[in-house]
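*Asks:* Okay, handing you the structure first.
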Amino acid sequence: MAEVKIIAEARTEFGKGAARRVRRANQVPAVIYGHGADPKHVSVPGHEFLLALRTPNVLISLEIDGKSELVIPKAVQRDPLKGFLEHVDLLSVKRGEKVTVEIPVSTEGELAPGGNLLEHVLNTLPVEAEATHIPEGFTVSVEGLEAGASILAKDVVLPKGVSLAVDEDAVVIQVVAAQIEAEETEEEGAEGEEAPAVAAEAGEAAEA
């Protein structure tokens, strides 16, 4: 995957007031951690970083005081109303290093006729991958699947060098019956339960 280069600035002021000043300057407070080193406090340009985040698990080359450091976003805090970035946690990585990340899962194809529904049990699939070769996403086919069918973690085709970081039998996607059909089945079952009661009442009347 391609690297995104972003220039960051070291931060020496902390606290809510300092963070607000950083955001007023169209920057985002961020912390870099990993490899047992002390956390590094930096600020990154808000607009550039927001664009970079459009790529899941984007690999970022941060330029800090003339030095370059590879990082990937691990936690992003956004304003709940306006959506702008409030704070970012970054994980420092090295080339060749394995990291555990969440990869988005999407589907393609059409389900079998019948109005059944597709349920994403896992929207992302945890995997272990080399830091500079993290997949952007996985696409699985649901073509022709009927109610009751499931796609498990082990069914997802992984690129070379990528391994599952979740139980291989974990359900990723499943097909559930349409709600109307499910309701009809329940009604039929309820009617079947009432019949013996009616028959019993008729028998009691005959004995009387």
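For the record, in the sequence shown the residue sitting at position 134 is 290 according to my numbering, with numbers rising by one throughout.
Every residue, glycine too, gets a C-beta built ideally from N, C-alpha and C.
So what does DSSP say about histidine 191, is it helix, strand or coil?
*Replies:* The residue given as residue 191 occupies position 35 in the sequence shown. Reduced to three states, the DSSP call for histidine 191 is coil.
*Asks:* Let me confirm a value: proline 185 is counted as buried when at least 16 other C-beta atoms fall within 10 Å, else exposed. Which label applies?
*Replies:* Position 29 of the sequence shown holds residue 185. Around the beta carbon of proline 185, 16 or more other beta carbons sit within 10 angstroms, so the residue counts as buried.
*Asks:* Determine whether the beta carbon atoms of glutamine 330 and glutamate 275 lie at a separation below 8 angstroms.
*Replies:* One-based indexing of the sequence shown puts residue 330 at position 174. One-based indexing of the sequence shown puts residue 275 at position 119. Taking 8 angstroms as the Cβ cut-off, glutamine 330 and glutamate 275 qualify as a contacting pair.
*Asks:* By a C-beta neighbour count over all protein chains shown, 10 Å radius and 16 as the cutoff for buried, is phenylalanine 170 buried or exposed?
*Replies:* Taking the sequence shown and counting its residues from 1, one reaches residue 170 at position 14. Exposed, because fewer than 16 other Cβ atoms sit within 10 Å of the Cβ of phenylalanine 170.
*Asks:* How far does the alpha helix (DSSP H) with arginine 234 in it reach, from first residue to last?
*Replies:* By one-based count along the sequence shown, residue 234 stands at place 78. In the DSSP assignment, arginine 234 falls outside any alpha helix (DSSP H) and within the unbroken beta strand (DSSP E) covering 223–234.
*Asks:* When you compare each of Arg234, Gly304, Leu278 to glycine 293 by their alpha carbons, which one comes out closest?
*Replies:* Counted from its first residue, the sequence shown places residue 293 at position 137. Taking only the C-alpha atoms, the option nearest glycine 293 is Leu278.
*Asks:* Is the beta carbon of leucine 215 sitting closer than 8 angstroms to the one on glutamate 225?
*Replies:* Here residue 215 is taken as the residue at index 59 of the sequence shown, counted from 1. Here residue 225 is taken as the residue at index 69 of the sequence shown, counted from 1. No, the pair does not count as a contact, with Cβ atoms beyond the cut-off.
*Asks:* Could you name the residues of the same chain whose beta carbon sits closer than 6 angstroms to that of alanine 326, not counting the 5 residues immediately before and after it, in chain order?
*Replies:* The sequence position of residue 326 within the sequence shown is 170, counting from 1. Closer than 6 angstroms at Cβ, skipping near neighbours: Ala309.
*Asks:* For leucine 301, collect the residues of the same chain with a Cβ closer than 7 angstroms to its Cβ; drop the 5 residues on either side in sequence, then sort them by chain order.
*Replies:* Here the question's residue 301 lines up with position 145 in the sequence shown. Cβ within range, chain order: Leu267, Ala268, Val331.
*Asks:* Between the alpha carbons of arginine 167 and leucine 273, how many angstroms are there, rounded?
*Replies:* Counting from 1 along the sequence shown, the entry for residue 167 is found at position 11. Counting from 1 along the sequence shown, the entry for residue 273 is found at position 117. In this structure, the straight-line span from the alpha carbon of arginine 167 to that of leucine 273 is close to 49 angstroms.
*Asks:* Since valine 178 is in the alpha helix (DSSP H), which residue starts that stretch and which ends it?
*Replies:* Here residue 178 refers to the residue found at position 22 when the sequence shown is read from its first residue. From DSSP, the alpha helix (DSSP H) with valine 178 extends over 172–180.
*Asks:* Go to leucine 278, then tell me how far its beta strand (DSSP E) extends in each direction, as first and last residue.
*Replies:* Locating residue 278 in the sequence shown gives position 122, where the first residue counts as 1. Taken as a continuous stretch (DSSP letters only), leucine 278 belongs to no beta strand (DSSP E), as it is neither H nor E.
*Asks:* Sorted by chain position, which residues of the same chain lie with C-beta nearer than 8 angstroms to glycine 317's C-beta, five sequence neighbours on each side aside?
*Replies:* If you number the sequence shown from 1, residue 317 lands on position 161. Here the set comprises Ala285, Glu286, His289.
*Asks:* Where does lysine 316 fall in DSSP's three states?
*Replies:* The residue given as residue 316 occupies position 160 in the sequence shown. Correct three-state label for lysine 316: coil.
*Asks:* Does DSSP classify lysine 310 as helix, strand or coil?
*Replies:* As a first step, residue 310 is located in the sequence shown; it is residue number 154 there, counting from the start. It is helical.
*Asks:* Name, in chain order, the residues that DSSP records as bridge partners for threonine 295.
*Replies:* Residue mapping note: residue 295 aligns to position 139 of the sequence shown, counting from 1. According to DSSP, which records beta bridges pairwise, threonine 295 is partnered with Ser262.
*Asks:* Between which two residues does the beta strand (DSSP E) harbouring alanine 164 extend?
*Replies:* In the sequence shown, the residue the question calls residue 164 occupies position 8. Here the beta strand (DSSP E) through alanine 164 covers 159–166.
*Asks:* DSSP on leucine 206, reduced to helix/strand/coil?
*Replies:* The sequence position of residue 206 within the sequence shown is 50, counting from 1. Looking at leucine 206 - three-state DSSP - the assignment turns out to be helix.
*Asks:* Taking all protein chains shown into account, decide if glutamine 233 is buried (16 or more other Cβ within 10 angstroms of its Cβ) or exposed.
*Replies:* As a position in the sequence shown, residue 233 is number 77, starting the count at 1. Exposed: under 16 other Cβ atoms inside 10 Å.
*Asks:* Can you tell me which of Gly192, Leu237, Leu246 puts its alpha carbon nearest to the alpha carbon of phenylalanine 205?
*Replies:* Here the question's residue 205 lines up with position 49 in the sequence shown. It is Leu246 whose Cα lies nearest to the Cα of phenylalanine 205.
*Asks:* Considering only their Cβ atoms, is the gap separating valine 198 from isoleucine 188 smaller than 8 angstroms?
*Replies:* For the purposes of this step, residue 188 is taken as residue 32 along the sequence shown, with counting starting at 1. For the purposes of this step, residue 198 is taken as residue 42 along the sequence shown, with counting starting at 1. In this structure, valine 198 lies closer than 8 angstroms to isoleucine 188 by Cβ.
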